[in-house]
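Sequence lines, in order, name chains A and B.
Here the first sequence stands for residues 1 to 302, numbered as in my numbering.
Here the second sequence stands for residues 1001 to 1310, numbered as in my numbering.
The next block holds one structure in the form of structure tokens; read it before the comments.
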Amino acid sequence: MQNSRKRRRGFVFLLALSAALGVPASGGAQRTLTPDFSGMWVHPYFPGIEPPAAGPGPVFNREHRATGGGNNTRFVGDYTNPILKPNAAAIVKQHGEVSSSSMTYPTPSNRCWPSGVPYIFFQPGVQVLQLPRQIVFLYLRNHEFRHVRMNESHPARVVPSWYGDSVGHYEGDTLVIDTIGIKADRPLAMVDMYGTPFSPALHVVERYKMIDYDEAQAAVARNLKENARVPDTASDLSYRGKRLQVVFTVEDEGVFTMPWSGAITYERPGMAWEENVCAENPFEFFAGKNGAVVPTAVKPDF
Amino acid sequence: MYRRRNFLLFAAVVTAASMQASAQTSPIPDFSGVWNHPAFPWFEPPAAGPGPITNLSRWAEQRPAGAAGSAGLPAGTVGISDYDQLVGDYNSPILQPWAAAVVKRFGEMSIAGTTFPNPSNQCWPHPIPFIFKQFTMQMIQQKDRITMLYSGDHEVRRVRMNGSHPSPLKPSWYGDSVGHYEGDALVIDTVGVKTDRPYAMQDLFGTPYTNKLHVVERYRLREYDDVKDALERNKKENWLFNGDVFSNHRGKFLQVQVTIEDEGVFTTPWTATMTYVPTDQLNEGVCAENPHEYYSNKDTDVPKADKPDF
Chain A
1 MQNSRKRRRG FVFLLALSAA LGVPASGGAQ RTLTPDFSGM WVHPYFPGIE
51 PPAAGPGPVF NREHRATGGG NNTRFVGDYT NPILKPNAAA IVKQHGEVSS
101 SSMTYPTPSN RCWPSGVPYI FFQPGVQVLQ LPRQIVFLYL RNHEFRHVRM
151 NESHPARVVP SWYGDSVGHY EGDTLVIDTI GIKADRPLAM VDMYGTPFSP
201 ALHVVERYKM IDYDEAQAAV ARNLKENARV PDTASDLSYR GKRLQVVFTV
251 EDEGVFTMPW SGAITYERPG MAWEENVCAE NPFEFFAGKN GAVVPTAVKP
301 DF
Chain B
1001 MYRRRNFLLF AAVVTAASMQ ASAQTSPIPD FSGVWNHPAF PWFEPPAAGP
1051 GPITNLSRWA EQRPAGAAGS AGLPAGTVGI SDYDQLVGDY NSPILQPWAA
1101 AVVKRFGEMS IAGTTFPNPS NQCWPHPIPF IFKQFTMQMI QQKDRITMLY
1151 SGDHEVRRVR MNGSHPSPLK PSWYGDSVGH YEGDALVIDT VGVKTDRPYA
1201 MQDLFGTPYT NKLHVVERYR LREYDDVKDA LERNKKENWL FNGDVFSNHR
1251 GKFLQVQVTI EDEGVFTTPW TATMTYVPTD QLNEGVCAEN PHEYYSNKDT
1301 DVPKADKPDF
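As structure tokens, this is what we get:
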């Protein structure tokens, strides 16, 4: 009896001491872990949006390469996709006709305008900065970034903006982001590289999660049927760890007959993240070389 | 026996706690949030010593806040910097003769009524230190890096913490920035800002730079009494285009002290400060949108076609 009282007293003493010194007595307080999306991620496909595992998917390229996958030198969006209302299908068809006549129609990315959402999913590289009250997405091309306010609601009156109003929260291991208010009154208003239009009713929900290698490979296999892999964003082909995937759902009753989904399954980069300045425009993609001979004047005009 | 065991346990806990305590470093200053310095065109001059190029063209007084404030008013020689007529002081002793000649030439364009092109009005990346023209900035501190976001054209600077500049160093748009903390200060050292680029100038006056450009920034959180002299110098020098958001603020300020040297351009290193107040959010600013006609005080009726060319 006396021994057990001493033991209990000794234990209580230690508990009190531990508390005073800030050392957890039980070996660690429990807390919910937010998923860790840190680091650089790349998606070496162009234009890139992957088909979902199931359900209606995005507009894809009607033009395919003989070796499989979309022909990323000639974008002819599938205007027969049942997700498109007739007005939208006509616009997609019109863009495709430009491509078919061997011209490149202007897009936000080839004209150095902000991408907006979900166009921004073409971006071949992203870095996610998870801060306590916000998330910042940094994108590789032309130093674009987006802010997401965490655990807040959209304001009652949303003023349309280039990237819209994004609010997010965690659901277990998934980051969920809801975006509205993407401004439609802007040059080159399109949700994808096929010229698919959007209206002020555009609503995008993104779900980010870390997935394992096998699940990622299934997404890659689906994607290679529609998109071409590009070499300019080298990825680490030996990486077998978990990778970041976003599945996003788009609805817009102004242009779509139904909500549809797409995915981006990221990989780890095999090279350093480099500065990219759209206005510099040094590429001659169709001639297969870097370093376009940009017209230069020998002396300034003024 | 129990006493000895309890003592040993006690000793173990104390040792563990003290090891934990000694592994902690001094607290890292928290610069999180969005910071605003709505004043044009340039730095706060230093209290003493060589300072930045200033504008020879002046307005007699502070103009009203907003675009109306820059509505083609006559330039003078006293008062605050005339943001509508940027004539860098080519007599400044910090300039080597050839650099003074470049600054003088840009000033002559301004006097002739031409707004000469610069990275900002031509939608190109802002080199360091030109990027200090960006008046709203968000600093994101992580363990091994700092990311600075700017509202104008969503520019991004990256700072590697506790690293060194690589050798050889490949010049880049924003240069190579490495940083470390010294007590309550964040120190950032930048070299390698590329010169081979359109509109290679380090300020709105067209002051050139070479590959010897070296910029050191020291960021600290300050109280009003620490910065009030710099705020006074700011008010006397620069146009507060959103009104005076500084003088009544009594919370924390973010102040950066900048030291700039370039032995290809300057006769001496020089210093300046920039003092920020907190603000709510980093607004989107898209350079290509270009909706402002500042001199006519209205938004531009950008030429539009009724139907696309193709």
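For each residue, glycine too, the CB sits at the ideal point set by N, CA and C.
Limits of the unbroken alpha helix (DSSP H) element including residue i
i	result
residue 1103 of chain B	1097-1111
residue 1227 of chain B	1224-1237
residue 215 of chain A	213-224
residue 97 of chain A	86-100
Cross-chain neighbours of residue i in chain B, by beta carbon under 7 Å
i	result
residue 145 of chain A	1149, 1154, 1156
residue 131 of chain A	1140
residue 114 of chain A	1286
Residue range of the beta strand (DSSP E) that includes residue i
i	result
residue 1191 of chain B	1185-1191
residue 1036 of chain B	1034-1036
residue 166 of chain A	165-171
residue 1173 of chain B	No beta strand (DSSP E) holds residue 1173 of chain B; DSSP gives it neither H nor E.
residue 1138 of chain B	1136-1141
residue 1277 of chain B	1270-1279
residue 1254 of chain B	1253-1261
residue 245 of chain A	243-251
residue 125 of chain A	125-130
Under 7 Å by beta carbon: chain A residues contacting residue i
i	result
residue 1199 of chain B	Chain A residues near residue 1199 of chain B: none, gap ~11 Å exceeds 7 Å.
residue 1125 of chain B	277
Closer than 8 Å at the beta carbon, the chain A residues around residue i
i	result
residue 1099 of chain B	None at all; the shortest Cβ gap to chain A is about 18 Å.
Neighbour list for residue i in chain B, Cβ cutoff strictly below 8 Å
i	result
residue 152 of chain A	In chain order: nothing, as chain B lies at least about 12 Å away.
residue 163 of chain A	1284
Which residues DSSP lists as bridging residue i, in chain order
i	result
residue 147 of chain A	A/136
residue 1153 of chain B	In DSSP, residue 1153 of chain B forms no bridge with anything.
residue 1055 of chain B	B/1088
residue 178 of chain A	A/167, A/205
residue 267 of chain A	A/42
residue 235 of chain A	A/269
residue 1247 of chain B	DSSP lists no partner for residue 1247 of chain B.
residue 76 of chain A	None, per the DSSP bridge assignment.
residue 260 of chain A	A/250
residue 1048 of chain B	Answer by DSSP bridge pairing: none, since residue 1048 of chain B is not bridged.
residue 61 of chain A	A/77
residue 960 of chain B	Outside the shown range of chain B (1001 to 1310) lies residue 960 of chain B, about which nothing can therefore be said.
residue 1311 of chain B	Look at the range of chain B in this structure, 1001 to 1310, and you will see that residue 1311 of chain B is not part of it.
Contacts that residue i makes with chain B (C-beta to C-beta distance below 9 Å)
i	result
residue 136 of chain A	1138, 1140, 1147, 1149
The region 1105-1114 of chain B in contact with the region 1126-1140 of chain B per 3-pair CB rule at 8 Å: no
Touching or not, the region 248-261 of chain A and the region 85-99 of chain A, by the rule of three or more beta carbon pairs under 8 Å? yes
Give, in chain order, every residue of the region 1169-1194 of chain B whose Cβ lies closer than 8 Å to some Cβ of chain A. 1172, 1173, 1174
Against chain A, which members of the region 1023-1050 of chain B pass a CB distance test of less than 8 Å? 1032
Report yes or no: do three or more beta-carbon pairs, one from the region 1032-1043 of chain B and one from the region 1269-1281 of chain B, lie closer than 8 Å? yes
Quick check: the region 35-44 of chain A against the region 55-68 of chain A, are at least 3 beta-carbon pairs closer than 8 Å? no
The region 135-155 of chain A in contact with the region 171-185 of chain A per 3-pair CB rule at 8 Å: yes
Does the region 1083-1092 of chain B come close enough to the region 1162-1177 of chain B that 3 or more CB-CB pairs lie under 8 Å? no
Counting pairs of Cβ atoms below 8 Å between the region 1251-1271 of chain B and the region 1208-1225 of chain B, do you hit three or more? yes
Could you tell me whether the region 1215-1224 of chain B touches the region 1185-1199 of chain B, where touching means 3 or more Cβ pairs closer than 8 Å? yes
For the structure I just gave you, are there three or more beta carbon pairs, one from the region 1151-1158 of chain B and one from the region 1045-1055 of chain B, closer than 8 Å? no
Counting beta carbon pairs with one atom in the region 1085-1096 of chain B and one in the region 1136-1150 of chain B, are three or more of them shorter than 8 Å? no
Do three or more CB pairs link the region 213-222 of chain A to the region 270-277 of chain A at distances below 8 Å? no
Taking three-plus beta-carbon pairs below 8 Å as touching, is the region 223-241 of chain A in contact with the region 41-60 of chain A? yes
Contact between the region 106-117 of chain A and the region 181-193 of chain A is defined here as three or more beta-carbon pairs at a separation below 8 Å; is this criterion met? yes
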